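The structure appears below as structure tokens.
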Amino acid sequence: MTEIYDHIVRLARSGSLDRAWALFEQHGLIGLGNDKRALTLHARLVKDRAKRAIGQDRIPLFEQSAELYTKVGRTAGASYSLINAATLYLLAGKKSQSESLAREALNLIESNPEEGETPYWHESTRAEALLLLGQEPLARSALAQAIRTQPDAWEDHASTIGQLRLIQAEFGRDPSWIDVYSPPTSVHFSGVAGLSHGQEGIAEAIRQFIANEKPGFAYGALAAGADLIFAQAFLDHRDQYAPQAELHVVLPLEIDEFREISVRAFGEHWVPLFDQVLEEASTLTIVGQEDAPLSLAIEHSDKVAMGCAVRNAQILQSQAIAFTVAAYGESLRPQLDAWQKSGRRLMIIKAARDRAVSRTPMTISTGHGLKTLVWVSNADREEVLSCLAAGMKLESQNGEHWLACDEVVDAADIATRLTVSLEGVGIAVLYCIFDPQGTSTSLLKRAQILAKASAPNTVIADRSTALVLALLEWNGSINELGELSTLWGNESIWSIAKL
């Protein structure tokens, strides 16, 4: 039964709310009045329905969810469920019920110092209850104490802050004091690899940017030049002012190959700094495929790193900013176009490139290109074709079908449309570098394995594809499902679904 619960939660998080609800009913989980887990899941699904509803249609759903959370809270003596119910009653326009439950939650908190899953939730529940009761000064103090107990519990902070903002909005009160506690900015950094000598002003501009924005998360590569200068400055800022700050390195090549091509090639003096920064990074991600052209590998890796920054900011309900050092007389990297078009902030610093540095590896044309593979398993070819636009090329073999799309958002739209039109199929999407001589067997096999892991009405994507979709603000739900054990190791899998 645990697997069923987990599966329903994953579907709800992925945006497949109708499918989650159908499974909830199919397994007879509605009406299990003494089952805390079933009641909590029921309350969550109804709350998700309320958030999707429009106008007055939301109110009865908020109220129903509040009733379910109330039952869980009183049965289990759980302040978390009671405070959820209290806020939902407020959103349903039931102020007296909201205040009554807020007092119940507050009494539980004050009578038991151990109440709540963590010290953070103990204090943040107190803050939410006090705010519902109109005691804003005390709520501020409780929120500050909650943050102090777990200063780097960013996702928990974001959840609380989102709730408090809803409460302030419902009361028509100023929420600006809450913003002080918002999780920090996520930044993507990039720039010129071959900087000419005598440009100390670039390092100073980077330090000033970091001092002003105080980013808590930085994503990018570590090429000699602007990348390494930024990463070093960010780590210095972390060590002096923000011990919870995180550097996430995303490389287009394996470490040894990257060190030779993108670091040592620009001067031996960059190598020790590269090794030091890499050692201090919070995470390292290698993006790319074997024998891919360097320019495409870098573009692919950059887009994934940008998607990481955007996704992190979305989860934490904070901002994502891009910072780049561009060479005089040269256009911005094409992957920054998506960032600019989104309206997100982009900070550009100009610098001189060392013309003695060869750019030949970046400009070789091989005919390769970044495309998105859509794979469909267990489907009739004619049925798949009937769902595609005229002229789209569909490859088929033994009931397995695939096509390549130039744009990843188009591929996601096609894949999610197929899940609605075709029953019992498995579908996966992979954003990758295509060889003009033919799609590699290993890539096709990978897509097939991912497709077979998909649930009905759900499209599976790998991490890179999901993050690029987040960068491009695809109009759908993108959620991490967990890991899939494969022949090439554990693969992070994500679901995508139309809202």
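The sequence shown begins at 20 in this note's numbering and counts up one residue at a time. Even for Gly, the Cβ is constructed at its ideal location relative to N, Cα and C. Since we're looking at a predicted model, the values are computed, not measured.
Helix, strand or coil for residue i per DSSP?
i, result
"residue 29", "helix"
"residue 73", "coil"
"residue 201", "coil"
"residue 382", "For residue 382, the pLDDT reaches just 44, beneath the cut-off of 50, and the residue's location in the model is therefore unreliable, leaving the point undetermined."
"residue 175", "helix"
"residue 492", "coil"
"residue 481", "strand"
"residue 424", "strand"
"residue 141", "helix"
"residue 267", "strand"
"residue 506", "coil"
"residue 458", "coil"
"residue 99", "helix"
"residue 416", "strand"
"residue 407", "coil"
"residue 46", "coil"
"residue 596", "Any question about residue 596 goes unanswered here, given that the chain covers just 20 to 518."
"residue 164", "helix"
"residue 399", "coil"
"residue 349", "coil"
Which residues does DSSP list as the beta-bridge partners of residue i?
i, result
"residue 366", "342"
"residue 498", "514"
"residue 289", "Bridge partners of residue 289: none, in fact."
"residue 394", "421 and 447"
"residue 236", "205 and 265"
"residue 305", "270"
"residue 389", "452"
"residue 372", "214"
In whole angstroms, what separates the C-alpha of residue i from that of residue j?
i, j, result
"residue 62", "residue 494", "26 angstroms"
"residue 46", "residue 312", "50 angstroms"
"residue 160", "residue 260", "23 angstroms"
"residue 463", "residue 434", "16 angstroms"
"residue 197", "residue 149", "14 angstroms"
"residue 439", "residue 138", "44 angstroms"
"residue 307", "residue 492", "22 angstroms"
"residue 163", "residue 170", "10 angstroms"
"residue 214", "residue 273", "23 angstroms"
"residue 36", "residue 484", "22 angstroms"
"residue 41", "residue 497", "20 angstroms"
"residue 24", "residue 53", "16 angstroms"
"residue 230", "residue 368", "16 angstroms"
"residue 517", "residue 476", "10 angstroms"
"residue 366", "residue 446", "38 angstroms"
"residue 350", "residue 442", "47 angstroms"
"residue 346", "residue 373", "10 angstroms"
"residue 194", "residue 156", "13 angstroms"
"residue 428", "residue 489", "10 angstroms"
Give the single residue among the options whose Cα lies nearest to the Cα of residue i.
i, options, result
"residue 184", "151, 160, 434 and 220", "151"
"residue 506", "466, 488, 482 and 497", "466"
"residue 67", "441, 39 and 48", "39"
"residue 458", "471, 424 and 170", "424"
"residue 320", "420, 451, 200 and 231", "451"
"residue 520", "191, 193 and 200", "The chain is shown only over 20 to 518; residue 520 falls outside these bounds and no answer can be derived."
"residue 144", "482, 100 and 392", "100"
"residue 329", "370, 206 and 345", "206"
"residue 262", "305, 326 and 301", "301"
"residue 208", "220, 44 and 327", "327"
"residue 309", "71, 325, 460 and 220", "460"
For residue i, collect the residues of the same chain with a Cβ closer than 7 angstroms to its Cβ; drop the 5 residues on either side in sequence, then sort them by chain order.
i, result
"residue 243", "212, 281, 282, 285, 286 and 289"
"residue 411", "422"
"residue 134", "98, 127, 128 and 141"
"residue 278", "290 and 293"
"residue 168", "138, 139 and 142"
"residue 384", "Low local confidence applies: a pLDDT of 49 at residue 384 is under 50, so the model's placement there is unreliable, and no value is given."
If you drop the 5 nearest sequence neighbours on each side, which residues of the same chain put their C-beta closer than 8 angstroms to that of residue i?
i, result
"residue 65", "80, 83, 84 and 87"
"residue 264", "203, 234, 235, 236, 237, 253, 256 and 257"
"residue 118", "105, 151 and 152"
"residue 108", "81, 82, 85, 114, 116, 117 and 120"
"residue 299", "254 and 266"
"residue 508", "none"
"residue 318", "352, 353, 354 and 389"
"residue 387", "311, 312, 315, 452, 453, 454 and 455"
Who are the Cβ neighbours of residue i in its own chain at under 6 angstroms, not counting the five residues just before and after it?
i, result
"residue 364", "340"
"residue 95", "55"
"residue 512", "479, 500 and 503"
"residue 222", "248"
"residue 218", "370"
"residue 110", "81"
Within 6 angstroms: the Cβ of residue i and any heavy atom of the ligand FAD?
i, result
"residue 414", "The ligand FAD is not part of the structure shown, which contains no ligands of any sort."
Are the C-beta of residue i and some C-beta of chain D separated by less than 7 angstroms?
i, result
"residue 425", "Here there is only one protein chain, and chain D is not present."
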